[in-house]
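The working numbering applies: residue 261 is where the sequence shown begins, and numbers increase by one.
Don't be surprised by glycine CBs; every beta carbon is placed ideally from N, CA and C.
What you are looking at is a predicted structure, and each value in this text was computed from that prediction instead of being measured.
Just below is one structure, and these are the notes that go with it.
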Amino acid sequence: MIRENLNRLRQKIKEICQKCDRKPEEITLVAVSKNNPVSVIEEALKYGVKNFGENKAQELRDKFEVKSDGIIWHFIGHLQTNKVKYAVKAAELIHSVDSAKVLDEINKRAASENKIQKILFEVNTSDESNKYGLKNFEDLKMLAFAAEELPNVKALGLMTMAPYTDDKKIIRDCFIQLRQWKDELNGLGLQYSELSMGMTNDFDIAIEEGSTIIRIGTAIFGERDYSQKWNEQ
Numbered sequence: 261m262i263r264e265n266l267n268r269l270r271q272k273i274k275e276i277c278q279k280c281d282r283k284p285e286e287i288t289l290v291a292v293s294k295n296n297p298v299s300v301i302e303e304a305l306k307y308g309v310k311n312f313g314e315n316k317a318q319e320l321r322d323k324f325e326v327k328s329d330g331i332i333w334h335f336i337g338h339l340q341t342n343k344v345k346y347a348v349k350a351a352e353l354i355h356s357v358d359s360a361k362v363l364d365e366i367n368k369r370a371a372s373e374n375k376i377q378k379i380l381f382e383v384n385t386s387d388e389s390n391k392y393g394l395k396n397f398e399d400l401k402m403l404a405f406a407a408e409e410l411p412n413v414k415a416l417g418l419m420t421m422a423p424y425t426d427d428k429k430i431i432r433d434c435f436i437q438l439r440q441w442k443d444e445l446n447g448l449g450l451q452y453s454e455l456s457m458g459m460t461n462d463f464d465i466a467i468e469e470g471s472t473i474i475r476i477g478t479a480i481f482g483e484r485d486y487s488q489k490w491n492e493q
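Written as structure tokens, this is what we have:
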């Protein structure tokens, strides 16, 4: 199943890129492996997937301890200060920084791991109260420039989640806002290159609007079984 799903997904990415004059190589595919056992991750790895995303810091920690060879781990979920140490130890890229407190803790933990932690700032472009992320540009700008002063953090760009809706205009507007905010920050002297936006239901629109990282779970692994933990399967 995973092989067929990946072939279908890669073909669709190729077709979308052709339509909007982009190259598939510009898009990093992060396979969202949350709640999937390591055996499933190994199967995806066999078919050329290198980037895997987890949204729980402890699950990322545990999977990293079991499987790290050949894998680039991403942390894509909300990050609490007391869980930062797990994300920093395992993740190449943390997608979800949205506060000065978490930013400072990442810098501190990265220093103790003797690494420079790559991060993205999470933006709440849909203005939904049940979602995390920065809601106004001034707060984002303040955090972005604070990150420039931290020796063990390297900010690469921005991340967002569009709302679950059939209204494609609402989804597109979220992605346009993220791209515009990145461009505004770059106009102020930053050099952000990454936009992490687009999931199974909306990655086509995200690619059209400039996404460089798409986070895909269901279209690769199928529907998840949330009744079991990943290490019980």
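Check: In the region 291-367, which residue ranges form an unbroken beta strand (DSSP E) of at least 3 residues, counting only runs that do not cross its ends?; Outcome: 311-314, 332-335 and 353-357
Check: Between which two residues does the beta strand (DSSP E) containing K378 stretch?; Outcome: Q377 to E382
Check: Count the C-beta pairs between the region 365-377 and the region 388-397 that are closer than 8 Å, then say yes if the count reaches three, no if not.; Outcome: no
Check: Between the Cα of D427 and those of D281, N446, D462 and Q340, spot the shortest distance and give me the residue it belongs to.; Outcome: D462
Check: Give the list of continuous alpha helix (DSSP H) stretches no shorter than 4 residues that lie fully inside the region 447-491.; Outcome: 463-468 and 478-481
Check: Would you mind stating whether L380 and M419 have Cβ atoms separated by less than 7 Å?; Outcome: yes
Check: What do you get for S293, buried or exposed, if any count of 16 or more other CB atoms within 10 angstroms of its CB means buried?; Outcome: buried
Check: Using a Cβ-Cβ cut-off of 8 Å (strictly less than) and excluding sequence neighbours within five positions of V326, which residues of its own chain qualify?; Outcome: V298
Check: For M261, collect the residues of the same chain with a Cβ closer than 7 Å to its Cβ; drop the 5 residues on either side in sequence, then sort them by chain order.; Outcome: G482
Check: Indicate whether S359 and E382 have their beta-carbon atoms separated by less than 7 Å.; Outcome: no
Check: With respect to the beta strand (DSSP E) encompassing M419, which residues constitute its N-terminal and C-terminal limits?; Outcome: V413 to M419
Check: Give the straight-line distance between the Cα atoms of D329 and N311, rounded to the nearest whole angstrom.; Outcome: 12 Å
Check: Nearest CA to the CA of R432: which residue from C277, D464 and T460?; Outcome: D464
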